[in-house]
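> I am attaching a structure below and will ask some questions about it afterwards.
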Amino acid sequence: MNEHENEKVPYIVSGKSYTAVAINAASKAGEWIKSRLGTVEHLNTKQSPTDLVTEVDKGAEQMIRRLILTHFPDHAILGEESVEPGAEASARALEAAREEEYLWIIDPVDGTTNFVHSLPYYSVSIALAHRGELIVGVIYDPSRDEMFVAEKGKGAYVHGNRMQASREETLGDSLVCIGFPPDRTYAQPLNMKITQVLTPQVRGIRALGSAALHLAYVASGRLSAYCEIGLNAWDVAAGALLVQESGGTITDTLGRPYDLSVRHIAATNTAIHSQLIQVLKEADATGL
């Protein structure tokens, strides 16, 4: 079988492997989250009026934790809803957990604001790191029933079919996504600056409201690039592996290698990566 034919062979996960457990947890949580669409009763805020949390976020994280710990009771879990709000608290939580041999990194509802408004761009994001290195990344979009899966060294897949990053070679031909995190004082002005600088240089700008889906779409070739200032490990971890395993590139906004502590990211199809980084540097919009 040649390489081209091999790419068409559906990717199948069996048994109770790390990946199978991640897929099962994401699927079950996603189904439950979707069933709660339009029924949110308790809406709270965290670090800003735009940083929302609901009983659905908390319930989904509890569900995912139980499903993972049933199979791997000795593994550590870092989940968004178990960490105090704010960049400093997120950094402390990651630092305390990153030396664990196996660390699951969970965002139960990535795109909570979209979910609250019944806008169908939200996702479940689950990653597994072994001694600080990502080995599994799963993102599930309940609205479209799309399961994005990556295993280190084995490629990235959606619906069991291998994904490949897009082939645009210039920013001018590229569709680029950005984001607007809850931090209105530091991160949001920088992301607005990025938007202003990039808009005249690219084919189009999008902002869908879910960092995990943005990264999944870079991996699947639907987006050429995605950059955002002010993210957390649970926003990025699963999607970072998807991008890497699809032939894309993810770094910080200065072009330095990605690791779990990187909060300002640039993810691309690889071909336009240096162009994007150069634009961010020239605009003094790296946040670094």
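Quick note: the sequence shown, position 66, residue 66 per the UniProt record's numbering, numbers continuous.
Built from N, CA and C at the ideal position, the CB exists for glycine as well.
(1) What are the residues that DSSP puts in a beta bridge with Ser125?
(2) Can you pull the DSSP bridge partners for Ile205?
(3) Would you identify the three-state DSSP class for residue 369, choosing helix, strand or coil?
(4) Using DSSP with H/G/I as helix, E/B as strand and the rest coil, what is His273?
(5) Check whether the Cβ atoms of Ser261 and Ala219 lie closer than 8 Å to each other.
(6) What whole-angstrom Cβ distance do Thr77 and Ile106 have, given they're in contact under 8 Å?
(7) Which residues in the same chain have their Cβ closer than 6 Å to the Cβ of Lys152, if we skip the five residues on either side of it in sequence?
(8) Alpha carbon to alpha carbon, how far is Asn24 from Asp141?
(9) Just to confirm, is the Cβ distance from Gly137 to Ala238 under 8 Å?
(10) Who does Asn161 pair with in a DSSP beta bridge?
(11) The beta strand (DSSP E) with Asp252 in it runs from where to where?
(12) How long is the line joining the alpha carbons of Gly30 and Gln244, rounded to whole angstroms?
(13) Kindly confirm or deny that the stretch 91-101 and the stretch 112-123 touch, where touching means at least three C-beta pairs closer than 8 Å.
(14) Classify Phe115 as helix, strand or coil using the three-state DSSP reduction.
(15) Using the Cα positions of Glu282 and Gln201, report the straight-line distance between them to the nearest angstrom.
(16) Taking the alpha helix (DSSP H) that Ile265 belongs to, which residues open and close that run?
(17) With distances taken between CB atoms, is the gap from Leu280 to Ile194 smaller than 8 Å?
(18) Do you know offhand how far Ile64's Cα is from Ile205's?
(19) Considering Cα atoms alone, identify which of Asp284, Ala60, Ala266 and Lys154 is closest to Tyr122.
(20) Could you tell me the alpha carbon to alpha carbon distance between Ser35 and Leu276, rounded to whole angstroms?
(21) So, are the CB atoms of Leu288 and His264 less than 8 Å apart?
(22) Kindly identify the DSSP beta-bridge partner or partners of His130.
(23) Considering just the uninterrupted stretch of the beta strand (DSSP E) at Val21, what are its terminal residues?
(24) I think Leu241 touches Ala127, with their Cβ atoms under 8 Å apart; what is that distance to the nearest whole Å?
(25) Who does Met192 pair with in a DSSP beta bridge?
Taking the structure as given:
(1) Asp107 and Ile139
(2) Val176
(3) Outside the shown range of the chain, which is 1 to 288, sits residue 369, and nothing can be said about it.
(4) helix
(5) no
(6) Per the sequence shown, residue 77 should be read as Ile rather than Thr. Yes, they are in contact, since the Cβ atoms of Ile77 and Ile106 sit about 6 Å apart, within 8 Å.
(7) Ile135
(8) 13 Å
(9) yes
(10) Val158
(11) Thr249 to Asp252
(12) 24 Å
(13) no
(14) helix
(15) 13 Å
(16) That residue, Ile265, is in no alpha helix (DSSP H); its beta strand (DSSP E) goes Ile265 to Thr268.
(17) yes
(18) 33 Å
(19) Ala60
(20) 39 Å
(21) yes
(22) Tyr102 and Glu133
(23) Per DSSP, Val21 belongs to no beta strand (DSSP E); it is in the alpha helix (DSSP H), Tyr18 to Ser35.
(24) 7 Å
(25) The partner list for Met192 (beta bridge, DSSP) is empty, contrary to what the question assumes.
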